[in-house]
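Peer 1: Have a look at this one.
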Amino acid sequence: MTPDSLSLYTILGMALITYGTRAGGFWLMRFVPLSGRVESWLRSIPGAVIAAVVAPAVWKGGWIELTGLVLAVIAIRLTKQELVAILIGIGTVAALRQLFPG
């Protein structure tokens with residue numbers, strides 16, 4: 004087995020395992036009744052994940068990242084659409100980094 008084929012088989016194996024765990028989770032959840040509390044908890048997960056990813060960047064970053072965060076928060080309040088807020092936040096940071104490099 005060459006190093007390239009080993010890498011390919013490793014990646015394919017990881018992909019199959021990842022797909023299996025995700026598909027298995029969906030399959031198993033068909034048999035689990037969801038209470039209102041569990042549904043509420045599941046709905047809050049995406050926001051918590053985004054906060055966990057964004058918070059270190061804003062904490063470590065400067066005014067550019069803070070500006071992107073503020074505009075994203077304003078966008079989510081006005082539009083109630085997460086994708087719009089994410090795009091505005093990322094777009095703001097990208098544009099300001101181009102205008103103010105370094």
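Residue numbers for the sequence shown follow our numbering, beginning at 4 and rising by one.
Note that the Cβ used here is the ideal one computed from N, Cα and C, for glycine as well.
All values reported here derive from a predicted model rather than from experimental measurement.
#1: From the DSSP output, in three-state form, read off Arg40 for me.
#2: Taking the C-alpha atoms as reference points, what is the distance between Gln101 and Leu15?
#3: Considering just the uninterrupted stretch of the alpha helix (DSSP H) at Gly105, what are its terminal residues?
#4: Could you spell out the range, first to last residue, of the alpha helix (DSSP H) harbouring Phe29?
#5: CA-CA distance, Ile89 and Thr24?
#6: Between the alpha carbons of Leu99 and Glu68, how many angstroms are there, rounded?
#7: Hey, out of Ser10, Gly105, Thr13, whose CA is closest to Gly65's CA?
#8: Measure the C-alpha to C-alpha separation of Thr5 and Ala18 and round it to an integer number of angstroms.
#9: Return the CA-CA distance between Thr70 and Trp62, expressed in angstroms with no decimal places.
Peer 2: Once the coordinates are examined:
#1: Looking up residue 40 in the sequence shown gives position 37. DSSP, reduced to helix, strand and coil, places Arg40 within a helical segment of the structure shown.
#2: Within the sequence shown, the letter at position 98 stands for residue 101. Within the sequence shown, the letter at position 12 stands for residue 15. So the alpha carbons of these two residues sit roughly 38 Å apart.
#3: Position 102 of the sequence shown, counted from the first residue, corresponds to residue 105. Taken as a continuous stretch (DSSP letters only), Gly105 belongs to no alpha helix (DSSP H), as it is neither H nor E.
#4: By one-based count along the sequence shown, residue 29 stands at place 26. In this chain, the alpha helix (DSSP H) harbouring Phe29 covers 6-32.
#5: Reading the sequence shown from its first residue, position 86 is the one you call residue 89. Reading the sequence shown from its first residue, position 21 is the one you call residue 24. Linking Ile89 to Thr24 through their CA atoms gives a straight-line distance of about 28 Å.
#6: Reading the sequence shown from its first residue, position 96 is the one you call residue 99. Reading the sequence shown from its first residue, position 65 is the one you call residue 68. Whole-angstrom Cα-Cα distance: 9 Å.
#7: Taking the first residue of the sequence shown as 1, we reach residue 65 at position 62. Of Ser10, Gly105, Thr13, the residue nearest in Cα terms is Gly105.
#8: Here residue 5 refers to the residue found at position 2 of the sequence shown. Here residue 18 refers to the residue found at position 15 of the sequence shown. One C-alpha to the other measures close to 20 Å.
#9: As a working mapping, residue 70 is identified with position 67 in the sequence shown. As a working mapping, residue 62 is identified with position 59 in the sequence shown. Each residue's Cα considered, the two are about 12 Å apart.
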